[in-house]
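There are 2 protein chains.
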Amino acid sequence: MAPWESALSDAVRRSSSAADARSHRTRPFYRASRDAAQGRVVAWRLVNRSHKRKQPPEQVSELTTNRLSVYLRCLNELDAAGVQTISSQGLATRFHLNAAQIRKDLAYFGEFGVRGVGYYVKELRRHLRKILGLDRRLRVAIIGAGNLGLALADYPGFRQEGFEIVGLFDAANEKIGHESRGGVPIHDIKDLEPVTRRERLDIAVIAVPAPHAQPVADLAVSAGIKAILNFSPGALVVPEGVKLKSVDLTVSLESLSFYLAQGDSHG
Amino acid sequence: MAPWESALSDAVRRSSSAADARSHRTRPFYRASRDAAQGRVVAWRLVNRSHKRKQPPEQVSELTTNRLSVYLRCLNELDAAGVQTISSQGLATRFHLNAAQIRKDLAYFGEFGVRGVGYYVKELRRHLRKILGLDRRLRVAIIGAGNLGLALADYPGFRQEGFEIVGLFDAANEKIGHESRGGVPIHDIKDLEPVTRRERLDIAVIAVPAPHAQPVADLAVSAGIKAILNFSPGALVVPEGVKLKSVDLTVSLESLSFYLAQGDSHG
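So the protein lines, in turn, are chains G and S.
Just so you know, we're using my numbering here: the first sequence kicks off at 112 and counts up by one.
Just so you know, we're using my numbering here: the second sequence kicks off at 112 and counts up by one.
And the structure:
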């Protein structure tokens, strides 16, 4: 824990004020750095318009976007299996989903189904990737090169969907300069800000022990990161304009617990 | 990879047939081993009856149980903050959820709200823990003592909600006999079956490289495990009567990606 504490206080001292730090990555700079993706952003707007979006995306809940991810995973599987079209009912039956929910979730973003046909698998998959922002490579930093950080750095699913794990960051001297088994370099946490700017990082994943999660999040925000995925337990606070998502791995175990409990009371 | 392969083929050979193995843990044995929890199971039935359950739990989707977990997390937070009652609308506003969805999800299990009052936080929390089967300790094995397995073994959230991580299992000689930083012992994967029986394990978490996930799942099923949480990428097949849940960590990154994409197209 000691290395984290001294490294964090050093880094905060060096980064003058948060406001100063943030000015390293002002809106125009950010947009300029996105030139390569501009074409695709414009395309998405056009598609969007032609699909009569019904609700501004700010009102789309995280539960909805989580479901869109699930639908995308299903469509990937269908596409790989050579399925060309599928109805919402077919999707629901095959993947134990809710057909009405599928239709409602997709309706936020346009009209994708064709009466009498259902959804074209490839097309809906392409739309979902676009809606989820997966049509460009997002650059990710993982803070914390412990077991969880190292596991996440080499997690095959991330790369597959277009996320690029650019670097790990840690405070322990014996880790800095090495790399994960998959070849992700481990940087000094003190260099988070310059590396974020140089490498144009989009997302920081926090995988440090709970007491260091908030200072690490503050540091990521100072460095100009706009989206944080937190695996450390406990609530974090980030300023408006920064999106925070916390992953609670307990949820998945609890769904099994539910099943076992029902099995018992029925058997 | 080599240690996994030879260990798995050994273990499968030694476990005679899957049917034989399963008979080590027949229904009556399982129920007998649950004596301590019986009182609570009965209590839950009574509560349940008095709450007029509207749908058999088999029809409750995983998305619903995932949401119940989320509600439980919210109620934990409210309870810790000293909040005594809250309406579905209050819950929704405070935690960015959907009030109608909350009411619908809870209605599967009974009538928990009180007109003019809303939900009693402590009481609803207790009900949700019971519904999710968290009112007894569930015993968990983690298969794979790599970075992910070791991280999961010491993940603080599991213990907090009543899961007991009994052991890790691996095929690598240099790991067997050691333990995780948090003190979870690493067993030989070949001993999965006797340890499962002796320790009365409920859930197996799979955190091995993708090519070994299916043989490891088969082994867990042979050993009598009835619920599997899979972190390895790719689809697994388990026989009927065994509950499989796969965790895709990509989903959480995609929800951030969604946010960043919308931010860009709006800014």
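Where a beta carbon is used, it is the ideal one built from N, C-alpha and C, also for glycine.
All values reported here derive from a predicted model rather than from experimental measurement.
In the DSSP assignment, residue 230 of chain G forms a beta bridge with G:197. With a threshold of 16 other beta carbon atoms within 10 Å, residue 307 of chain G meets it and is buried. Taking C-alpha positions only, residue 266 of chain G is separated from residue 322 of chain S by approximately 14 Å. Under DSSP, residue 351 of chain G forms no beta bridge with any residue. For residue 268 of chain S, the enclosing alpha helix (DSSP H) has its first and last residue at 267-271. Residue pairing from DSSP places residue 356 of chain G in a beta bridge opposite G:340. For the stretch 270-283 of chain S, the beta-carbon criterion of a distance under 7 Å to any beta-carbon of chain G is satisfied by 272 and 274.
Beyond the five residues adjoining it in sequence on each side, residue 302 of chain G comes within less than 8 Å, by CB distance, of 280 in the same chain, given in chain order. The residue among G:310, G:371 and G:184 with its C-alpha nearest the C-alpha of residue 236 of chain G is G:184. For residue 344 of chain G, the chain S residues whose C-beta falls within less than 9 Å of its own C-beta are 266, 267, 268 and 271, listed in chain order. Note that the stretch 249-261 of chain G does not touch the stretch 214-229 of chain G; fewer than 3 beta-carbon pairs, one per stretch, sit closer than 8 Å.
Note: residue 206 of chain G is not bridge-paired with any residue in the DSSP secondary-structure output. Along the stretch 185-214 of chain G, going in chain order, the ones with a CB nearer than 9 Å to a CB of chain S are 188, 207, 208, 209 and 212.
In its chain, beyond the 5 residues on either side, 199 and 224 have a beta carbon closer than 8 Å to the beta carbon of residue 214 of chain S. Residue nearest to residue 262 of chain S within the set S:304, S:114, S:118 and S:316 is S:316 (criterion: CA-CA distance). Under DSSP, residue 315 of chain G takes part in a beta bridge, and its partners are G:252 and G:339. Between residue 330 of chain G and residue 119 of chain G the beta-carbon gap is near 7 Å, inside 8 Å, which marks them as a contact. At a Cβ-Cβ threshold of 8 Å, residue 360 of chain G and residue 335 of chain S do not count as neighbours. Scanning chain G for C-beta atoms nearer than 9 Å to the C-beta of residue 220 of chain S yields nothing, as the closest lies near 11 Å away.
Residues of the stretch 226-246 of chain S whose Cβ lies closer than 9 Å to any Cβ of chain G, in chain order: 241, 242, 243, 244, 245 and 246. In the structure shown, residue 173 of chain G falls within a helical segment according to DSSP collapsed to helix, strand and coil.
In chain order, 258 make up the part of chain S whose C-beta sits under 7 Å from the C-beta of residue 261 of chain G. Rounded to the nearest whole angstrom, the C-alpha separation of residue 221 of chain S and residue 116 of chain G is 49 Å.
Boundaries of the alpha helix (DSSP H) harbouring residue 306 of chain S: 303-310, taken from the DSSP string. Residue 343 of chain G is a Cβ neighbour of residue 320 of chain G, given a cutoff of 8 Å.
By the CB criterion at 8 Å, residue 176 of chain G and residue 172 of chain S fall outside the cutoff. Residue 277 of chain G and residue 264 of chain G have their C-alpha atoms some 9 Å from each other. The C-beta separation of residue 349 of chain G from residue 339 of chain G comes to about 6 Å, placing the pair in contact by the 8 Å criterion. Within the same chain, 321 and 324 come within 7 Å of residue 345 of chain G by CB-CB distance, once the 5 residues on both sides are set aside. Taking the C-beta atoms as reference points, residue 368 of chain G is found nearer than 8 Å to residue 245 of chain S.
From the beta-carbon of residue 371 of chain G, the residues of chain S found nearer than 9 Å are 244, 249, 313, 314, 337, 338 and 354. If you draw a straight line from the Cα of residue 256 of chain G to the Cα of residue 208 of chain G, it comes to about 36 Å. With fewer than 16 other CB atoms across the displayed protein chains lying within 10 angstroms of its CB, residue 284 of chain S is exposed. Among the residues facing chain S, residue 294 of chain G is not included, as its CB has no counterpart in that chain under 8 Å away. For residue 327 of chain G, there is no enclosing beta strand (DSSP E); the enclosing alpha helix (DSSP H) covers residues 321-333.
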